[in-house]
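Working notes, structure below.
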Amino acid sequence: MLNTIKIPTLANQILAEYLSAVSTRYPAAEFYKEKMQDSGRGEGPTLLLTVCKDDEILEEESFLYANQSKLDEDLKNLIYYLDFA
-9 MLNTIKIPTL
1 ANQILAEYLS
11 AVSTRYPAAE
21 FYKEKMQDSG
31 RGEGPTLLLT
41 VCKDDEILEE
51 ESFLYANQSK
61 LDEDLKNLIY
71 YLDFA
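Numbering (our numbering), first residue to last: -9 to 75.
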């Protein structure tokens, strides 16, 4: 019997699409993730992803969330999609 791991679905669909594209575009890059707090202007919590190679930032992308719990859940599940430094 095969032991398969079920990959959890991400709450933010735009993030899921981005991860698929960025992993193809930069297969040898380093990936970093950071939880950003609401700045006080009401936009809500944000997940920041940074793509680096050879100590250079190739791109950064922010993903907005309606609530903190969904962001925390996606942060936990990102390891199933990319290897983070």
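We treat Cβ as the ideally placed atom computed from N, Cα and C, and that holds for glycine.
With residue i as the anchor, note down where its alpha helix (DSSP H) starts and where it stops.
{"i": "lysine 23", "result": "Where lysine 23 is concerned, there is no enclosing alpha helix (DSSP H), although the beta strand (DSSP E) it sits in stretches over 20 to 26."}
{"i": "glutamate 7", "result": "3 to 15"}
Below 8 Å between beta carbons: does that hold for residue i and residue j?
{"i": "glutamate 20", "j": "alanine 75", "result": "yes"}
{"i": "leucine 5", "j": "leucine 37", "result": "yes"}
{"i": "leucine 0", "j": "asparagine 67", "result": "yes"}
{"i": "leucine 65", "j": "glycine 34", "result": "no"}
{"i": "lysine 43", "j": "tyrosine 71", "result": "no"}
Per DSSP, which residues does residue i bridge with? Please list them.
{"i": "threonine 36", "result": "Met26 and Leu54"}
{"i": "lysine 43", "result": "Glu46"}
Which residues in the same chain as residue i place their Cβ atom closer than 6 Å to its Cβ, once the five residues preceding and following it in sequence are excluded?
{"i": "methionine 26", "result": "Thr36 and Leu38"}
{"i": "glutamate 50", "result": "Thr40"}
{"i": "lysine 60", "result": "Ala1"}
Below 8 Å CB to CB, which residues in the same chain sit around residue i once its five sequence neighbours on both sides are set aside?
{"i": "aspartate 73", "result": "Phe21"}
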